[in-house]
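Residue numbers (the numbering used here): 4 to 123.
Every residue gets a Cβ at the ideal spot worked out from N, C-alpha and C, and that includes glycine.
Before any comments, here is the structure.
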């Protein structure tokens, strides 16, 4: 169920990208990246919270610690991506694109890792 939801979200985002690149549409890259980040962040939070509800206290504590470490790593990767365009108009776009990509990847990772928990 969750894997299908993630695949559907990927399809939705791809359709949005295609329509935004159509001639005459003037959406900014930052706005598009921010929209994708919001979608992925919302989905990740839904999956994460569902898993937490189903785990025992010890396992949920470990997941919380893992998630905190992942957040630090995600933010660090985004800062690194932004540095590649430091001072340029793409700096904030690169930061947001990196956050969205990492968040997408984490959502898939949680669904794979906790497939047995989510299928109960």
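Through-space distance from residue 99 to residue 54, alpha-carbon basis: Residue 54 sits at position 51 when you count from the first residue of the chain shown. Residue 99 sits at position 96 when you count from the first residue of the chain shown. Looking at the backbone, the Cα of residue 54 and that of residue 99 are separated by about 26 Å.
Stretch pair the segment 100-114 + the segment 65-81: three plus CB contacts closer than 8 Å: Yes, since at least three Cβ pairs between the segment 100-114 and the segment 65-81 fall closer than 8 Å, the two stretches touch.
DSSP three-state assignment for residue 87, whether helix, strand or coil: What you label residue 87 is simply residue 84 of the chain shown in a count that begins at 1. Correct three-state label for residue 87: coil.
Reference residue 121, options 82, 52, 20, closest by Cα: Stepping through the chain shown from its first residue, residue 121 is reached at position 118. Here the closest residue by C-alpha is 52.
Simplified DSSP state of residue 59, which is helix, strand or coil: Counted from its first residue, the chain shown places residue 59 at position 56. In this structure, residue 59 counts as coil in the three-state DSSP scheme.
Segment contact, 8 Å Cβ cut-off, at least three pairs: the segment 9-16 with the segment 73-91: Using a Cβ-Cβ distance cut-off of 8 Å, the segment 9-16 and the segment 73-91 are not in contact, since fewer than three pairs of beta carbons, one from each stretch, lie closer than that value.
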